[in-house]
């Protein structure tokens, strides 16, 4: 996740612990006090570990990454889960789906946020809402169902199939399901295939990417993709600023918007259109750009996957997208860079390289041409606006 690399950049050393660490013993022996700061990536479903981490947070500057804590007075860097859920729901509604279900897998802060966003969106838009379409949470109490926990920790897929059977064996199924974890969505695809359930014709699915199952999804699942590398790097930089006193000790939160990668698994209204050669091309290229926009070998990757020459690719891209490939990629990279300038503390030099620019001269020229100011001025203006908003509040 590049934590070690980022530590080197800021002149820090780091020590890594994995799930074999006895956290209770670590805390009891006060070993945490030897560190200037600690980065946590909380494990799923272990409330005791979460409590211990919170006690450590109160004694040593700390930052949670990827999975947020339920406790107050914490610092967090991760994905905008509410925004991700909202975007997936908007997409499904735009495809014509009304009966949308939710499949939550664990009792975590981010799954609670996903559930609340889902519940609010469905009610606010007058869509049908039924308990049998919501796995994991009770619609009356808004609490997580403890009975689901055994399926989460049990790796026996036959037991998970029993859960899917119960979810699907209802008088009226949801037309689309949002899974809170891609592993469950992938397993549901296998479950559906074994039972002759077609995706998306019989039921559509979308999910949140965990970052560990990309090779399995095979460009089929619609996902909310998180930038794990930027999250990890930003976590290190945020912790460093807290340690140095340039940030408040608690309640710093940096959220990254996801890339919503729309694929076949969630299509309805546009399903027939995507089957045309032109739209297959557009769909595949757009997906590749979302994933590899910073890669200088992007066009080679796309051409290899499509099995076409570069000359034919450039010609077809301009016809389908209405602009040349280079202009499109530069604009996309600049939009990414602008977001990171506004919402992160990552150095400008690092942003330009991470967004696919080879040198600062080209980056500064392109940025000024699009936004009318330098990257440094752009970040400064945003900082001033934030200060004014806080001051007025």
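Residue numbers (the numbering used here): 3 to 395.
Positions of the beta carbon are idealized from the N, C-alpha and C atoms, including for glycine.
Beta-bridge pairing of residue i - partner residues as DSSP gives them
i, result
"residue 255", "78"
"residue 208", "180, 224"
"residue 136", "104"
"residue 66", "42, 78"
"residue 263", "225"
"residue 323", "The partner list for residue 323 (beta bridge, DSSP) is empty, contrary to what the question assumes."
"residue 146", "139"
Continuous beta strand (DSSP E) stretch holding residue i: start and end
i, result
"residue 227", "224–227"
"residue 376", "First-last for residue 376: undefined, no H or E at that position."
Local Cβ density within 10 Å of residue i, reported as buried at 16 or more and exposed below that
i, result
"residue 109", "buried"
"residue 8", "buried"
"residue 83", "buried"
"residue 153", "Because the pLDDT of residue 153 is 49, which lies under 50, any placement of that residue in the model is unreliable, and the number read from its coordinates should be weighed accordingly. Buried."
"residue 70", "buried"
"residue 192", "exposed"
"residue 20", "exposed"
"residue 116", "buried"
"residue 301", "buried"
"residue 52", "buried"
"residue 217", "For residue 217, the predicted model reports a pLDDT of 43, less than 50, meaning its position is unreliable; a value from the coordinates is still stated below. Its Cβ having fewer than 16 others within 10 Å, residue 217 is exposed."
"residue 351", "exposed"
"residue 211", "buried"
"residue 378", "exposed"
"residue 386", "Residue placement at residue 386 is poorly supported in this model, since its pLDDT is 47, which falls under 50; the coordinates are not used for a value here."
"residue 184", "buried"
"residue 2", "Residue 2 falls outside the range modelled here, since the chain spans only 3 to 395, and no answer is possible."
"residue 138", "buried"
"residue 219", "Residue confidence for residue 219 is low, a pLDDT of 46 falling below 50, so the modelled location carries little weight and cannot support an answer."
"residue 338", "buried"
"residue 375", "exposed"
"residue 155", "Note on residue 155: pLDDT 46, under 50, position unreliable in the model; the coordinate value appears next. It is exposed - the Cβ of residue 155 has fewer than 16 other Cβ atoms within 10 Å."
"residue 142", "exposed"
"residue 120", "buried"
"residue 35", "exposed"
"residue 48", "exposed"
"residue 161", "exposed"
Element boundaries [alpha helix (DSSP H), containing residue i]
i, result
"residue 11", "5–11"
"residue 346", "Unbroken run through residue 346: none, as it is neither H nor E."
"residue 103", "Not the alpha helix (DSSP H): residue 103 falls in the beta strand (DSSP E), residues 102–105."
"residue 28", "25–30"
"residue 121", "111–126"
"residue 93", "83–96"
"residue 238", "230–245"
"residue 308", "300–308"
"residue 50", "49–59"
Proximity of residue i and residue j at Cβ, strictly below 8 angstroms
i, j, result
"residue 322", "residue 284", "yes"
"residue 202", "residue 86", "no"
"residue 168", "residue 205", "no"
"residue 198", "residue 296", "no"
"residue 92", "residue 256", "no"
"residue 347", "residue 39", "no"
"residue 104", "residue 65", "no"
"residue 343", "residue 367", "no"
"residue 107", "residue 182", "yes"
"residue 5", "residue 41", "yes"
"residue 258", "residue 232", "yes"
"residue 194", "residue 223", "no"
"residue 254", "residue 240", "yes"
"residue 221", "residue 289", "yes"
"residue 226", "residue 89", "yes"
"residue 75", "residue 252", "yes"
"residue 37", "residue 62", "yes"
"residue 262", "residue 180", "no"
"residue 267", "residue 331", "no"
"residue 172", "residue 134", "yes"
"residue 25", "residue 54", "yes"
heavy atom of the ligand GDP below 7 angstroms from residue i C-beta
i, result
"residue 339", "In the structure shown, the ligand GDP is absent, as is every other ligand, since no ligand is present at all."
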